[in-house]
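Q: Quick one: structure below, then a few questions.
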Amino acid sequence: MIDNTNDFIQTIIDQIHEDEKRLFDGEQVSDIALKIPRIDSGEDKRSGLGHKLARQLFPAKDEERIGSYIAYGRLLAKLRRAYKSQIAEANTKNSPVNPYRQARMFGARHIFEQLLSAPLSDSILNPQPMPVEVAPYEELEPFFTHIKKGKPATQPCQEFTRGAYYDDGRIDMCKQVVGDLYIGNLVESIRENPHVEHFLLGNNIVGDEGARKIASLASDRSTPQIKTYYLAGNCLREKGAAELASALASDRHAESLWLKRNPLKVGGVAHIAKMLEQNTSIQTLDLVNVGMLDEGVKVLFASLRKNHTLQTLYIDANGISESGASYIADYFEYMKSENRKGLTGLFMAINRLGDVGAERIANAVAGYSHLSRLDLSSNRIQNAGLKILLEKCNTLPELIYLGIGLYKSTADLGELPNYFDGNGAELVADFIRSNNTVKILGLQDTNIREGGFEIIADALADNHTLLDLQYQQFGSQLPQELEARIGSFLARNIQEQLGMSVQEFQSSLKREIKHSDQIRFIDSIYRNNMKDCHICV
Numbered sequence: 009m010i011d012n013t014n015d016f017i018q019t020i021i022d023q024i025h026e027d028e029k030r031l032f033d034g035e036q037v038s039d040i041a042l043k044i045p046r047i048d049s050g051e052d053k054r055s056g057l058g059h060k061l062a063r064q065l066f067p068a069k070d071e072e073r074i075g076s077y078i079a080y081g082r083l084l085a086k087l088r089r090a091y092k093s094q095i096a097e098a099n100t101k102n103s104p105v106n107p108y109r110q111a112r113m114f115g116a117r118h119i120f121e122q123l124l125s126a127p128l129s130d131s132i133l134n135p136q137p138m139p140v141e142v143a144p145y146e147e148l149e150p151f152f153t154h155i156k157k158g159k160p161a162t163q164p165c166q167e168f169t170r171g172a173y174y175d176d177g178r179i180d181m182c183k184q185v186v187g188d189l190y191i192g193n194l195v196e197s198i199r200e201n202p203h204v205e206h207f208l209l210g211n212n213i214v215g216d217e218g219a220r221k222i223a224s225l226a227s228d229r230s231t232p233q234i235k236t237y238y239l240a241g242n243c244l245r246e247k248g249a250a251e252l253a254s255a256l257a258s259d260r261h262a263e264s265l266w267l268k269r270n271p272l273k274v275g276g277v278a279h280i281a282k283m284l285e286q287n288t289s290i291q292t293l294d295l296v297n298v299g300m301l302d303e304g305v306k307v308l309f310a311s312l313r314k315n316h317t318l319q320t321l322y323i324d325a326n327g328i329s330e331s332g333a334s335y336i337a338d339y340f341e342y343m344k345s346e347n348r349k350g351l352t353g354l355f356m357a358i359n360r361l362g363d364v365g366a367e368r369i370a371n372a373v374a375g376y377s378h379l380s381r382l383d384l385s386s387n388r389i390q391n392a393g394l395k396i397l398l399e400k401c402n403t404l405p406e407l408i409y410l411g412i413g414l415y416k417s418t419a420d421l422g423e424l425p426n427y428f429d430g431n432g433a434e435l436v437a438d439f440i441r442s443n444n445t446v447k448i449l450g451l452q453d454t455n456i457r458e459g460g461f462e463i464i465a466d467a468l469a470d471n472h473t474l475l476d477l478q479y480q481q482f483g484s485q486l487p488q489e490l491e492a493r494i495g496s497f498l499a500r501n502i503q504e505q506l507g508m509s510v511q512e513f514q515s516s517l518k519r520e521i522k523h524s525d526q527i528r529f530i531d532s533i534y535r536n537n538m539k540d541c542h543i544c545v
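Residues in the sequence shown are numbered from 9 upward in steps of one, following the working numbering.
Below, the structure is given as C-alpha cells:
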C-alpha cells in the first residue's frame, strides 16, 4: 500500500511541479510519474492516491472534478513519455539528432521549412517488416493441434505457448512468427475449424509463398468463412498480392483486409485495386506504408470508381503528394456526379499533401455527404490549407472524426507535421464553435501559438458535440487550470451525449468512433497489451 499521508502527498506534488518546470525548460524529469497511480488503477482503488493528487493538482468544484481527473491523466502520460524518452536517448549515445523530431518543437518553423524539400526516406520508398526469427515448431504445435480440432473457444481468450484463440472467432498469431516455413500448418489447422472468422497474422515474415497458402482459405468454398485478414508487417510483394487478390475477387465473406507495412509497391497495389473492381464484401482496406506513391494512388482510385462496398481506406505513409491528391479529388468529384455513396472513411496521415493537396481534397469532399472520417494528420498543411479544409469539413453532415494533428511515427519515417502557428488557433476555434458533428478532433503537435488554446477553450465552452480533443503540443505545456477547463467541457459533453464517464468513453467507444466497429476484430494480446487471457497448457 502506498503511503497516503498529507506530507507524502505534498512531496509528490512538489516533485510533479518541479518536473513540469523541467519539462517546459527542456530539462530531464524524474521518474515520479511512473511511481504514482493512474485514475482507477488497482493502486488508486486501494489507496485513492490518484484521485487525491488529481484534486490537489487541478482544483475544481465537485461537479467539475472529472476535468481534474482528465488533466491529471494527461499530465501523468506526458511526464511518463518524457521520462521514457530521455531513457531511450540515454541508451542511444552518440546517435545523431533527428531533425524531423526537432521540427515538432514549439517555434521550430525554420527547421520545418528547411525539411520541406527533403526527398522521401527509404522507410517510405521501401517499407520493411520488423525483423523477427521463425519460432520453433514445438512452440507452435499446441496451437495448431487445438485449432484443428474444430471446436469453438471455451474462454473469452485462450492463450497457448504461441498463439491465442478468442470466443468471437479470432485466432491471434501476431508476432508469433510462423514464417513461410509453418504457415501451411497454420492454414491447414484453420481449414478444419468452422468457428474461425478473424485471422490475425501480423509480423510473421510470411512471404509470397505463404500468401498463396493463405489465399487458399478464400478460394476454397469448403473452408471457414474468414471475415478478417490481418496480414500487416509481413513480406508480401507483388506476387503475393496477386495470389490474395485472385482469391478475394470472388470471395463473399471477407470484410476487412489489412496489409500495412508489406512491400507491395505499385505493382502489388495494382492487383489489390483490380480485385476491388469485382469484390462485393470488403468494407475496410489497410494499405498503410506499402510503397504506393502517387502512381499507386492513381491506379487504386480509378478502380474504386467501380467498387460499391469499400467504406474505410487507410493509405497513410505512402509518399502521396499534391499530385496524388488530384486523383483522390477526382474520385470524390466522380462519386458526386454519379450521386453514389463510396468511401465513408479516408485515413492518409504522414503524407505530403501540403496546402495545395489539402485544398484539392477539401474542395472535392464538399457536397459529398457520406464522409464520416477524415485523417490528414502530418501532411505539411499550414494555415492556408487549414482554412479551406475546416470550411469544407463544416459542410459535411456525417463527419464525426477529423485528424489534423500529428501521427506518432511521423519523425521516424522522415516526414513532417502540420504547422498551425499564427492565426491557426482562431481558425480551429471558429470551427469548434460552429461545428455540430465532429466528436473527435486530432490537433496534437501542430505548433498552435502561445495563448492559442485559451481561444480554443472559449470556443469549446459553446460546443456540446466534441468528445475528445487531442491538443498536446510537443515541447510546450498548457497551464493546469486550462487543461482542467478543457477536460471539464469534454466530460460534460460525454455525459450529456453518452451518459458515461470519460474513462468509460476512452476505453470503449472512442476507438470505434474514430475507426469503425471493425477495428475490434484486429485486437491482439501481442500488439495491444490486452490482458485477461486464459493460459492453456
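Where is the CB? At the ideal position from N, CA and C, for every residue including glycine.
From a predicted model like this one, the values you see are computed outputs, not experimental measurements.
How would you write the range of the alpha helix (DSSP H) that residue 278 sits in, first residue to last?
A: Note, residue 278: alpha helix (DSSP H), 273 to 284.
Q: Would you kindly work out how many angstroms separate the C-alpha atoms of residue 340 and residue 162, rounded to a whole number?
A: Cα-Cα distance, rounded: 46 Å.
Q: Going by DSSP, what residue range makes up the alpha helix (DSSP H) through residue 264?
A: That residue, residue 264, is in no alpha helix (DSSP H); its beta strand (DSSP E) goes 264 to 266.
Q: Residue 221 to residue 194, Cα distance in whole Å?
A: Near 10 Å, if we compare the C-alpha coordinates of residue 194 and residue 221.
Q: What separation, rounded to the nearest whole angstrom, lies between the Cα atoms of residue 538 and residue 165?
A: Here the model assigns residue 538 a pLDDT of 48, short of 50, so the residue's position is not dependable, and the following value carries that caveat. When rounded, the distance between both Cα atoms is 10 Å.
Q: Can you tell me where the alpha helix (DSSP H) with residue 433 in it begins and where it stops?
A: Start and end: 432 to 442.
Q: Quick one: residues in its chain with C-beta nearer than 8 Å to the C-beta of residue 513, no 5 flanking neighbours on either side, listed in chain order?
A: Here the set comprises 475, 476, 502, 506.
Q: May I ask which residues mark the beginning and end of the alpha helix (DSSP H) holding residue 368?
A: Its alpha helix (DSSP H) spans residues 362 to 373.
Q: For residue 305 and residue 147, what's the separation of their Cα atoms in angstroms?
A: Taking the straight line joining both Cα atoms gives about 41 Å.
Q: For residue 1 versus residue 488, is the C-beta distance shorter than 8 Å?
A: This structure cannot speak to residue 1, because the chain is shown only from 9 to 545.
Q: Report the rounded CA-to-CA distance for residue 461 versus residue 113, giving the unit in angstroms.
A: Approximately 17 Å, taken between the alpha carbons.
Q: From residue 245 to residue 176, what does the alpha carbon distance come to, in whole angstroms?
A: Distance between the alpha carbons of residue 245 and residue 176: 30 Å.
Q: Candidates 516, 168, 522, 492: which alpha carbon is nearest residue 75's?
A: Per the Cα distances, 492.
Q: Taking just the CA atoms, how far does residue 21 sit from residue 15?
A: Cα to Cα, the separation comes out at about 10 Å.
Q: Provide the residue(s) that pair with residue 448 in DSSP beta bridges, ordered along the chain.
A: For residue 448, which the question treats as bridged, DSSP gives the partners 409, 476.
Q: Less than 8 Å between the C-beta atoms of residue 591 and residue 84, yes or no?
A: Outside the displayed span of the chain (9 to 545) sits residue 591, for which this structure offers no information.
Q: Measuring only the C-alpha atoms, how far is residue 444 from residue 479?
A: The alpha-carbon atoms of residue 444 and residue 479 are separated by roughly 19 Å.
Q: Considering only residues of the segment 47 to 117, which uninterrupted alpha helix (DSSP H) runs meet the minimum length of 4 residues and lie entirely inside it, listed in chain order?
A: Whole alpha helix (DSSP H) segments, 4+ residues: 50 to 55, 57 to 65, 73 to 98, 107 to 110.
Q: With a Cβ-Cβ cutoff of 8 Å, do residue 431 and residue 471 count as a contact?
A: No. Outside cutoff.
Q: Spatial neighbours of residue 371 within its chain, please: CB distance less than 6 Å, with the 5 preceding and 5 following residues excluded, ordered by chain position.
A: Excluding residues within five positions, none has a Cβ falling inside 6 Å.
Q: Here's a check: name, in chain order, each residue in its chain whose Cβ is nearer than 8 Å to the Cβ of residue 18, leaving out the five neighbours to either side.
A: Result list for residue 18: empty, nothing under 8 Å.
Q: Can you tell which of 24, 450, 457, 486 has its C-alpha closest to the C-alpha of residue 518?
A: Nearest C-alpha to residue 518: 450.
Q: Assign residue 205 to one of three DSSP states: helix, strand, or coil.
A: In the structure shown, residue 205 sits in coil (DSSP, three-state: anything other than H, G, I, E or B).
Q: Determine which residues share a DSSP beta bridge with residue 249 and list them.
A: The partner list for residue 249 (beta bridge, DSSP) is empty, contrary to what the question assumes.
Q: Using the Cα positions of residue 271 and residue 214, report the straight-line distance between them to the nearest angstrom.
A: Their Cα atoms are separated by approximately 12 Å.
Q: Using 8 Å as the threshold, is the C-beta distance between residue 407 and residue 380 below it?
A: Yes, Cβ-Cβ distance for residue 407 and residue 380 is below 8 Å.
Q: Let me check one thing: in DSSP terms, what residues is residue 355 bridge-paired to?
A: Answer is 322, 383, bridged to residue 355.
Q: Identify whether residue 199 lies in helix, strand or coil by the three-state DSSP scheme.
A: Reduced to three states, the DSSP call for residue 199 is helix.
Q: First and last residue of the beta strand (DSSP E) that includes residue 376?
A: Run containing residue 376: none; DSSP gives neither H nor E here.
Q: Here's a check: name, in chain order, each residue in its chain whose Cβ is nearer than 8 Å to the Cβ of residue 526, leaving out the five neighbours to either side.
A: Cβ within range, chain order: 236, 263, 264, 291, 292, 320.
Q: Please state whether DSSP places residue 403 in a helix, a strand or coil.
A: If DSSP states are grouped into helix, strand and coil, residue 403 belongs with coil.
Q: Starting from the C-beta of residue 218, find all residues in its chain whose C-beta is less than 6 Å away, skip the five residues before and the five after it, and write them out in chain order.
A: Within the same chain, residue 218 has close Cβ partners 188, 191.
Q: If you run the structure through DSSP and keep just helix, strand and coil, what is residue 415?
A: Coil at residue 415, not helix or strand.
Q: Would you call residue 145 buried or exposed, if buried means 16 or more other Cβ atoms sit within 10 Å of its Cβ?
A: Residue 145 comes out exposed.
Q: Expressed to the nearest angstrom, what Euclidean distance is found between the alpha-carbon atoms of residue 143 and residue 359?
A: Whole-angstrom Cα-Cα distance: 35 Å.
Q: I'd like the list of long-range same chain contacts for residue 171, defined as Cβ closer than 6 Å, with 5 residues on each side in sequence excluded.
A: Result list for residue 171: 151, 181, 184, in chain order.
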